[in-house]
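Reading through the structure tokens given below for one structure.
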Amino acid sequence: MATLKKILGERTAGGGIEQNIEKGYIYAYSPGTEHANICNGVCWTAPSDGKAIVEIWGAGGSGSRMCCCGDGLPGNAGGYAKKTLAITADDTITASLGMACMAHPLCHSGCGSPTQLCYVTAGGNGNGCMCARGGYGGKSMCTTGTSFYCCYSNEGFCFKRCNNDNCALICNV
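Just so we're aligned, residue 1 is where the sequence shown starts under the UniProt record's numbering, counting upward by one.
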């Protein structure tokens, strides 16, 4: 089985021309350094009856903006969704890939965008959509005298305090 590094190394952003897709997979991804969607998404038509296992991930949230006297939480990973579809020949699956926000060194870009997928079945199996939300963007606090635990807990973040105010696990949810 091929490794993810090998698969991505063989493809360019936006996919490319797939061959023998009825025997394999569709891979589409967007590098975090790009801020444009690929050709209005991905479209696949089923060559024959069977099943399609679909997995999608939303784009991750950006990191937090930082200042000289601060501490920050990273952005969260995007959501994940998986569905197995009963398909017949000529059913279609279309998707739009979630994009990470435009990367720049000191700016909080916010949430990543969702990956969205719709399927249209001709065989009476039903139509529908799936969505994997983008990740929440990171947060930062600037302070010169208060512990970061106090700042984040006062802002309503979930946390687990260790043995003093200078030690805690803080969640970005």
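Ideal Cβ placement from N, Cα and C applies to all residues, glycine included.
A quick note: this is a predicted structure, and the numbers were derived from the prediction, not measured.
Pull up the distance between the alpha-carbon of Cys151 and that of Asn164, whole angstroms please.
14 Å
With which residues is Gly128 paired in a DSSP beta bridge?
Tyr119
Tell me which same chain residues have a C-beta within less than 6 Å of the C-beta of Ser113, skipping the five on either side of it?
Ala59, Gly98, Met99 and Gly134
Roughly how far, in whole angstroms, is the beta-carbon of Gly138 from the beta-carbon of Leu73, given that I think they are within contact range, below 8 Å?
5 Å
Between which two residues does the beta strand (DSSP E) holding Ser96 run?
Thr92 to Ser96
Between the Cα of Ala81 and the Cα atoms of Ser62, Ile53 and Thr88, which residue gives the shortest distance?
Ile53
Specify the secondary structure class of Cys162 as computed by DSSP and reduced to three states.
Looking at Cys162 - three-state DSSP - the assignment turns out to be coil, as it is neither helix nor strand.
Does DSSP classify Cys39 as helix, strand or coil?
Any reading at Cys39 is ruled out, since the residue's pLDDT is 44, under 50, leaving its predicted position unreliable.
Under a Cβ-count criterion, where at least 16 other Cβ atoms within 10 Å of its own Cβ denotes burial, should Ser62 be classed as buried or exposed?
Classification for Ser62: buried.
Between the Cα of Thr115 and those of Cys43, Ile56, Cys162 and Ala46, spot the shortest distance and give me the residue it belongs to.
Ile56
State yes or no: is the C-beta of Gly78 within less than 8 Å of the C-beta of Ala132?
yes
What are the residues that DSSP puts in a beta bridge with Met141?
Asp71
Given a cut-off of 8 Å on the beta-carbon distance, is the pair Thr84 and Thr121 in contact?
no
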